[in-house]
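A.B. asks:
Protein chains: 2
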Amino acid sequence: MNEAGPGTKTRILDVAEDLFAEQGLDRVSIRDITEAAAVNLAAVSYHFGGKFELIAEVFERRLRPVNDARLVALDRAEKELGLKLKVEEILTAFIQPAIECCPGHEKGSKAFAKLFGRCLAEPRPEIENLLRRQFEPLVERFEKALIRALPHLSRADVFWRLKFTFGALHHWMLTKDRFIPAWAVKTDLDQQTEKLIAFASAGFKAQ
Amino acid sequence: MNEAGPGTKTRILDVAEDLFAEQGLDRVSIRDITEAAAVNLAAVSYHFGGKFELIAEVFERRLRPVNDARLVALDRAEKELGLKLKVEEILTAFIQPAIECCPGHEKGSKAFAKLFGRCLAEPRPEIENLLRRQFEPLVERFEKALIRALPHLSRADVFWRLKFTFGALHHWMLTKDRFIPAWAVKTDLDQQTEKLIAFASAGFKAQ
DNA sequence: GTCTATAGGTGGATAGAC
DNA sequence: GTCTATCCACCTATAGAC
Numbered sequence: 001m002n003e004a005g006p007g008t009k010t011r012i013l014d015v016a017e018d019l020f021a022e023q024g025l026d027r028v029s030i031r032d033i034t035e036a037a038a039v040n041l042a043a044v045s046y047h048f049g050g051k052f053e054l055i056a057e058v059f060e061r062r063l064r065p066v067n068d069a070r071l072v073a074l075d076r077a078e079k080e081l082g083l084k085l086k087v088e089e090i091l092t093a094f095i096q097p098a099i100e101c102c103p104g105h106e107k108g109s110k111a112f113a114k115l116f117g118r119c120l121a122e123p124r125p126e127i128e129n130l131l132r133r134q135f136e137p138l139v140e141r142f143e144k145a146l147i148r149a150l151p152h153l154s155r156a157d158v159f160w161r162l163k164f165t166f167g168a169l170h171h172w173m174l175t176k177d178r179f180i181p182a183w184a185v186k187t188d189l190d191q192q193t194e195k196l197i198a199f200a201s202a203g204f205k206a207q
Numbered sequence: 208m209n210e211a212g213p214g215t216k217t218r219i220l221d222v223a224e225d226l227f228a229e230q231g232l233d234r235v236s237i238r239d240i241t242e243a244a245a246v247n248l249a250a251v252s253y254h255f256g257g258k259f260e261l262i263a264e265v266f267e268r269r270l271r272p273v274n275d276a277r278l279v280a281l282d283r284a285e286k287e288l289g290l291k292l293k294v295e296e297i298l299t300a301f302i303q304p305a306i307e308c309c310p311g312h313e314k315g316s317k318a319f320a321k322l323f324g325r326c327l328a329e330p331r332p333e334i335e336n337l338l339r340r341q342f343e344p345l346v347e348r349f350e351k352a353l354i355r356a357l358p359h360l361s362r363a364d365v366f367w368r369l370k371f372t373f374g375a376l377h378h379w380m381l382t383k384d385r386f387i388p389a390w391a392v393k394t395d396l397d398q399q400t401e402k403l404i405a406f407a408s409a410g411f412k413a414q
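Order-wise, the sequence lines are chains A and B. Quick note on numbering: my numbering labels position 47 of the first sequence as 47, and the sequence is numbered without any gaps. Quick note on numbering: my numbering labels position 98 of the second sequence as 305, and the sequence is numbered without any gaps.
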C-alpha cells in the first residue's frame with residue numbers, strides 16, 4: 001500500500017458512504033462511486049471483490065467502532081461506579097456513542113445516521129447476518145447490566161424494552177434532520193440526547 | 208372496470224406490496240411484479256403511469272386507513288371518556304391501529320410492517336412528501352391531546368417524545384420477526400403491544 | 001384493456017494491456 | 001495497482017396490433 005493522500009481504498013469507502021447514505025444502496029452504482037472518488041471503474045472489483053463486499057465494508061467500518069465504544073463505556077462505568085449501575089448510566093453508555101458519530105459532533109460522520117438507518121431497513125440476508133454479528137454480543141452484555149439494575153423485571157421485559165429504546169434511537173437518527181417543525185429545530189443535539197435518555201429510562205422503569 | 212376476480216389493478220397492488228416488502232423497492236422490477244401477478248408487462252404503465260406511481264399507491268393504500276383509524280380512535284376516546292384522556296389511552300389510539308395491520312391479526316397484511324419500515328427509510332423525496340402529507344395532520348392532532356394530558360410538558364418535549372414513541376413502534380414492526388432470541392418468541396402480539404404502550408406511556412410521564 | 005416487440009439505456013463484472 | 005474496452009444481463013417505457 002503506497003500511501004499518498006487517503007489511498008484509493010479509503011477514498012472509495014468515504015465516497016460510497018456518503019452516496020449510500022444519501023440515495024440508498026441500490027440507486028448508487030459502482031460507476032457513481034468511482035466517478036465521485038476519481039478512481040477507476042475497475043477499482044471496486046480489485047479492492048473489494050464486488051459491490052456487495054463494498055457495502056458490507058462501508059457498514060462495518062462505522063458500526064464496529066460505535067459498538068466497541070458502547071462496550072468500553074459500560075465497562076468503564078461499572079469499574080468506576082460499581083456493578084449495580086442506574087438505568088440512566090447504562091442507557092447513556094448505549095446511546096451516547098451512537099450520537100457522537102452524528103453530524104454536530106466534531107468527529108461525527110455526516111452520513112452515519114442515515115447509513116445506519118438504511119442498514120437496519122436493508123432486506124438482504126447478508127446484511128442481516130452482519131447486524132446479528134455486530135449486535136448479539138452487545139445486546140447480551142447490556143441486558144445483563146439492565147437486569148442487575150432492574151431485578152424485578154423479567155428477562156423478556158428487558159429484551160423488549162431494549163428493543164423499544166433501540167428503535168427510538170434509530171428512528172431519531174434516521175429522521176432527526178427531516179420532519180422537524182420550525183419551532184423545534186432549536187433543540188440542540190445534547191438536549192435531544194438528554195431527552196432520549198430520560199424517555200427511555202422512564203420507559204424501563206415502568207410499573 | 209369489469210370486476211372478475213380481484214381485477215388487474217388490485218392484483219398488481221397486492222403482489223407489488225408483497226414483493227416490495229420482502230425485497231425492497233429497487234430490487235423489484237416491473238417484470239417481477241407483472242409476472243407474479245400474471246398480468247401483462249405493460250399493465251403497470253397503463254394502470255398507474257409508471258413504477259414510481261405504483262410505489263406511491265402501494266404505500267398510500269395501506270397508510271391512509273391506518274392513519275384514519277388512529278384519528279377515529281382518538282376522536283372516539285375523547286367522546287367517550289372526555290377531552291382530558293390519560294396518556295395510555297392516547298397512545299393506545301396511536302399504536303393499536305398500526306399493530307392491527309400486522310400479521311397475527313385477522314385483517315393484518317403480511318407485508319404491512321416491513322412495507323411501512325421501508326417507506327420510512329426510503330430516500331426519495333417524493334416518498335418523503337407522501338409521508339409528510341400523511342403524518343403532519345396526525346401528529347398535530349395527537350400532540351394537542353398529549354399536551355392536554357401532560358400540561359406541564361413543553362411542546363418540544365411532547366414532540367420529541369412522540370417521535371421516540373413512533374421510533375419504538377416502527378422499529379418493533381420492522382424487526383419483530385427478526386433478531387428475536389428463541390426464549391422471547393413466546394411473547395404474543397397483544398402482550399408485545401401492551402409492553403410497548405406501557406413503555407412509551409412511562410417515557411411520556413418522565414420527570 | 002390486453003398483448004408483443006422493441007427501443008434505448010444502465011447495471012456489474014472482467015479480460016488483458018500497461 | 002491502474003486503466004480501457006467490452007460483454008451481456010436487465011431495466012423502464014412505449015408504439016402499435018388485437
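C-beta: ideal position from N, C-alpha, C; glycine also.
Would you decide whether residue 304/B is buried or exposed? Buried here means 16 or more other CB atoms lie within 10 Å of its CB.
C.D. replies: With 16 or more Cβ atoms within 10 Å of its Cβ, residue 304/B is classed as buried.
A.B. asks: Suppose contacts are defined by Cβ-Cβ distances below 8 angstroms. Is residue 149/A in contact with residue 86/A by that definition?
C.D. replies: yes
A.B. asks: Tell me whether the beta-carbon of residue 228/B lies closer than 8 angstroms to the beta-carbon of residue 331/B.
C.D. replies: No, Cβ-Cβ distance for residue 228/B and residue 331/B is not below 8 angstroms.
A.B. asks: Using the Cα positions of residue 296/B and residue 283/B, report the straight-line distance between them to the nearest angstrom.
C.D. replies: 11 angstroms
A.B. asks: Give the DSSP-derived three-state secondary structure of residue 344/B in the structure shown.
C.D. replies: helix
A.B. asks: Candidates 28/A, 29/A, 112/A and 158/A: which alpha carbon is nearest residue 66/A's?
C.D. replies: 112/A
A.B. asks: Would residue 370/B be called buried (16 or more neighbouring beta carbons within 10 Å of its own) or exposed?
C.D. replies: buried
A.B. asks: How is residue 304/B classed by DSSP in three states: helix, strand or coil?
C.D. replies: helix
A.B. asks: Is the beta carbon of residue 168/A closer than 8 angstroms to that of residue 328/B?
C.D. replies: no
A.B. asks: Out of 62/A, 158/A and 116/A, which has the shortest C-alpha to C-alpha gap to residue 206/A?
C.D. replies: The residue with the shortest Cα to Cα distance from residue 206/A is 158/A.
A.B. asks: What is the DSSP secondary structure of residue 125/A, counted as helix, strand or coil?
C.D. replies: helix
A.B. asks: At a Cβ threshold of 8 angstroms, is residue 315/B touching chain A?
C.D. replies: no
A.B. asks: For residue 347/B, collect the residues of the same chain with a Cβ closer than 8 angstroms to its Cβ; drop the 5 residues on either side in sequence, then sort them by chain order.
C.D. replies: none
A.B. asks: Which class does residue 65/A belong to by DSSP, given the choice of helix, strand or coil?
C.D. replies: helix
A.B. asks: Compare the beta carbon distance of residue 52/A and residue 126/A with 8 angstroms and say whether it is the shorter of the two.
C.D. replies: For the pair residue 52/A and residue 126/A, the CB atoms are nearer than the 8 angstroms cut-off.
A.B. asks: Measuring straight from C-alpha to C-alpha, what distance separates residue 405/B and residue 241/B?
C.D. replies: 43 angstroms
A.B. asks: Using a Cβ cut-off of 9 angstroms, pull out every chain B residue sitting near residue 187/A, in sequence order please.
C.D. replies: Contact of residue 187/A with chain B by beta-carbon distance below 9 angstroms involves 363, 366 and 367.
A.B. asks: For residue 103/A, write down the residues that DSSP places opposite it in a beta bridge.
C.D. replies: 105/A
A.B. asks: Considering only the alpha carbon of each residue, which of 31/A, 114/A, 29/A and 153/A lies closest to residue 59/A?
C.D. replies: 114/A
A.B. asks: If we ignore side chains and look at the alpha-carbon of each, how far apart do residue 389/B and residue 395/B end up?
C.D. replies: 13 angstroms
A.B. asks: Does the stretch 243–251 of chain B come close enough to the stretch 213–228 of chain B that 3 or more CB-CB pairs lie under 8 angstroms?
C.D. replies: With a cut-off of 8 angstroms, the stretch 243–251 of chain B and the stretch 213–228 of chain B count as touching, because enough Cβ pairs lie within range.
A.B. asks: Do you know how far the Cα of residue 399/B is from the Cα of residue 45/A?
C.D. replies: 45 angstroms
A.B. asks: Can you tell me where the alpha helix (DSSP H) holding residue 167/A begins and where it ends?
C.D. replies: Segment 155–175, the alpha helix (DSSP H) holding residue 167/A.
A.B. asks: Please list the partners that residue 303/B has in chain A, where partner means a Cβ-to-Cβ separation under 8 angstroms.
C.D. replies: At a C-beta separation below 8 angstroms, residue 303/B has no neighbours in chain A, since its nearest C-beta there lies roughly 16 angstroms away.
A.B. asks: Quick check: what's the CA-CA separation for residue 41/A versus residue 12/A?
C.D. replies: 11 angstroms
A.B. asks: In chain A, which residues lie less than 9 angstroms from residue 397/B when you measure between Cβ atoms?
C.D. replies: In chain order: nothing, as chain A lies at least about 13 angstroms away.
A.B. asks: Taking beta-carbon pairs under 9 angstroms, can you tell me which members of the stretch 309–340 of chain B lie near chain A?
C.D. replies: Within the stretch 309–340 of chain B, 321, 324, 325, 327, 328, 329, 330, 331, 335, 338 and 339 place their CB atoms closer than 9 angstroms to a CB of chain A, listed in sequence order.
A.B. asks: Can a CB atom of chain A be found closer than 8 angstroms to the CB of residue 233/B?
C.D. replies: yes
A.B. asks: Is the beta carbon of residue 26/A less than 8 angstroms from the beta carbon of residue 231/B?
C.D. replies: yes
A.B. asks: Any chance the CB of residue 156/A is under 7 angstroms from a heavy atom of the ligand PLP?
C.D. replies: Of ligands this structure carries none, so the ligand PLP is not represented either.
A.B. asks: Which residue's Cα is closest to the Cα of residue 68/A: 50/A, 56/A, 101/A and 54/A?
C.D. replies: Selected option, being the one with the closest Cα: 101/A.
A.B. asks: Starting from residue 195/A and walking both ways along the alpha helix (DSSP H), at which residues does that stretch end?
C.D. replies: In this chain, the alpha helix (DSSP H) harbouring residue 195/A covers 189–204.
A.B. asks: For the alpha helix (DSSP H) that residue 179/A lies in, which residues bound it at each end?
C.D. replies: Per DSSP, residue 179/A belongs to no alpha helix (DSSP H) and is neither H nor E.
A.B. asks: Output yes if chain A places a C-beta closer than 8 angstroms to the C-beta of residue 152/B; else output no.
C.D. replies: Summary: the structure shown does not reach residue 152/B, with chain B confined to residues 208 through 414, and so no result is reported for it.
A.B. asks: Whose CA, out of 349/B, 323/B and 409/B, lies closest to the CA of residue 338/B?
C.D. replies: 323/B is the residue among 349/B, 323/B and 409/B whose C-alpha sits nearest the C-alpha of residue 338/B.
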